[in-house]
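Below is one structure, written out as structure tokens; the observations come after it.
In the numbering used here, the protein residues as written are 4 to 433.
Here's what the structure looks like:
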């Protein structure tokens, strides 16, 4: 059985999030679907004298009913010990179904129940780890992926995901170790090759970097250049985190690494296009050769919102909501006003795509005007939400979404409006 386990100057902040999207899509591919690379795992069931009724239940995928009968038989005196394999078989199917239906906590519980019977199966730990990561419970995910590797040292995806977890916590040695191991297992994996390439490029400049540690941030920069950035950036980040925390109720689960780079190093390490003003890909990275304090604050706020949302929802926040909030909370008042005007004009003159389809072809085209429209629409939708429901209501959305619910179902639960109604009203009013 396959493991199913289971993300330029004028309009600078409009296009920052583009760099996040391929990062999310890259490392989550192995969590959400079989990526076609992991070795196929066969599930061998030993022979047992099954009750015909139970056999029929298994054949008909009646997992709950079969599980009840199998557990009862297994707990009976003198039972066949091999029945536990069938119990685990049912539990794993139920866990996979729960994951597919986004009932991640239920999936974790099912995997845990299966591990009570067989604690030597790496796929069960990996399934748990994928669920924990999806719920942004990174410490628990780390433990599950580590146990996976103890049992199956060549588990590619577990190494790749551990590399991500260590990278996000600024444990660069740990990230390097697991990504290197992952590439030994699958040398042609493009995503991991890119992550390692960026890490190696950063290593070349990091030797002369100093790191200033705060409660929620570590700020690394070349201490011989622009020493005033030390206090300036930490002060900005503290105020930004307070502001975002008050409005969204979101705070980091870790010390977020912030890397201040020369323009040349930034574009070389991140592979960002020349118009990018910053990037969040586990770390916040910002070029600061010719920084402007006001613009720097906008960029830091924009990327911090992405970071703190990721720490709450992992890769599950809809693109339009993630990007719209990052722009809204960046407090780029003049820039945001221009973007809202662009969105209103587009919605009046053209056919507005559904929010759930953004960014879609608007970004794939690579045309700067299309990019501008996509980000403007995201901001417009968030602005409409704030106008109708208030920004603090978003706290309740994140609380419910953190458990696995999608934005549309949460909106209906809290407001009584469907997501379709929200979009229809937004398009008319804007």
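The beta-carbon is built from N, C-alpha and C at its ideal position, and this holds for glycine as well.
Treat the numbers as computed from the prediction; the structure is a model and nothing was measured.
Self-check item: CB of residue 3 within 9 Å of CB of residue 377, strictly
Solution: There is no way to answer for residue 3, as the model of the chain reaches only from 4 to 433.
Quiz item: Between the Cα of residue 372 and the Cα atoms of 393, 349, 358, which residue gives the shortest distance?
Solution: 349
Exercise. Could you check the C-alpha separation between residue 408 and residue 264 for me, to the nearest Å?
Key: 38 Å
Exercise. Return the residue from the list 188, 247, 220 that minimises the CA-CA distance to residue 234.
Key: 220
Practice problem: Taking 9 Å as the cut-off, decide whether the C-beta atoms of residue 310 and residue 290 are in contact. | Solution: no
Self-check item: residue 116, buried or exposed, once every other Cβ within 10 Å from all chains shown has been counted against 16
Solution: buried
Exercise. Report the option in 78, 89, 314 whose CA atom is closest to the CA atom of residue 167.
Key: 314
Exercise. Would you check if there are 3 or more beta carbon pairs closer than 8 Å linking the region 129–137 to the region 146–156?
Key: yes
Quiz prompt | Start and end residues, alpha helix (DSSP H) containing residue 232 | solution = 232–251
Self-check item: Close Cβ partners of residue 181 (< 6 Å) along its chain, the five nearest in sequence each way excluded
Solution: 162, 165, 166
Exercise. For the beta strand (DSSP E) containing residue 436, list its first residue and its last residue.
Key: The chain is shown from 4 up to 433; residue 436 falls before or after that span and cannot be answered.
Practice problem: Could you say which of 429, 188, 415, 317 lies nearest to residue 140 if we only look at CA atoms? | Solution: 317
Quiz item: Straight-line CA distance for residue 217 to residue 259?
Solution: 10 Å
Self-check item: Buried or exposed by the 16-neighbour rule on C-beta atoms within 10 Å, applied to residue 285
Solution: buried
Exercise. Check whether the region 388–402 touches the region 346–360, taking contact to mean three or more Cβ pairs, one atom from each stretch, closer than 8 Å.
Key: no
Self-check item: Nearest neighbour of residue 160, chosen from 52, 186, 383, 406 [CA to CA]
Solution: 186
Quiz prompt | Endpoints, the alpha helix (DSSP H) within which residue 51 is located | solution = Element bounds for residue 51: n/a, residue is neither H nor E.
Exercise. Can you tell me the Cβ-Cβ gap for residue 125 and residue 154, rounded? I've got them flagged as a contact below 8 Å.
Key: 4 Å
Exercise. Can you tell me the Cβ-Cβ gap for residue 293 and residue 273, rounded? I've got them flagged as a contact below 8 Å.
Key: The Cβ separation is near 18 Å, so there is no contact.
Quiz item: Could you give the uninterrupted runs of the alpha helix (DSSP H) lying entirely in the region 289–333, keeping only those of 4 residues or more?
Solution: 296–316, 322–332
Quiz prompt | Residues that residue 212 bridges to, as DSSP identifies them | solution = 225
Practice problem: Just confirm the distance between the C-beta atoms of residue 51 and residue 86, as a whole number of angstroms; I'd bet it's less than 8 Å. | Solution: 6 Å
Practice problem: Return the bridge partner residues of residue 220 from the DSSP annotation. | Solution: 259
Quiz prompt | Simplified DSSP assignment, three categories, for residue 283 | solution = strand
Quiz item: Do you know offhand how far residue 228's Cα is from residue 203's?
Solution: 22 Å
Exercise. Can you give me the Cβ contacts of residue 91 inside the same chain, cut-off strictly under 6 Å, excluding the 5 residues immediately before and after it?
Key: 117, 120, 121
Practice problem: Indicate the three-state DSSP secondary structure (helix, strand or coil) for residue 154 in the structure shown. | Solution: helix
Quiz prompt | Beta-carbon separation (whole angstroms), residue 89 vs residue 138, contact threshold 8 Å | solution = Actually they are not in contact, since the Cβ atoms of residue 89 and residue 138 sit about 29 Å apart, beyond 8 Å.
Practice problem: Could you tell me the boundaries of the alpha helix (DSSP H) in which residue 61 lies? | Solution: 55–62
Self-check item: As assigned by DSSP and simplified to three states, the class of residue 264
Solution: strand
Exercise. Just tell me which of 194, 105, 206, 198 has its CA closest to the CA of residue 136.
Key: 105
Quiz prompt | Which listed residue (402, 78, 424, 99) has its alpha carbon closest to that of residue 253 | solution = 402
Quiz item: Do residue 343 and residue 391 have their C-beta atoms within less than 9 Å of each other?
Solution: no
Quiz item: Considering residue 115, what are the terminal residues of the alpha helix (DSSP H) in which it resides?
Solution: 107–120
Quiz prompt | 9 Å Cβ cutoff met for residue 279 and residue 327 | solution = no
Self-check item: When 222, 413, 241 are compared against residue 262, the one with the closest alpha-carbon
Solution: 222
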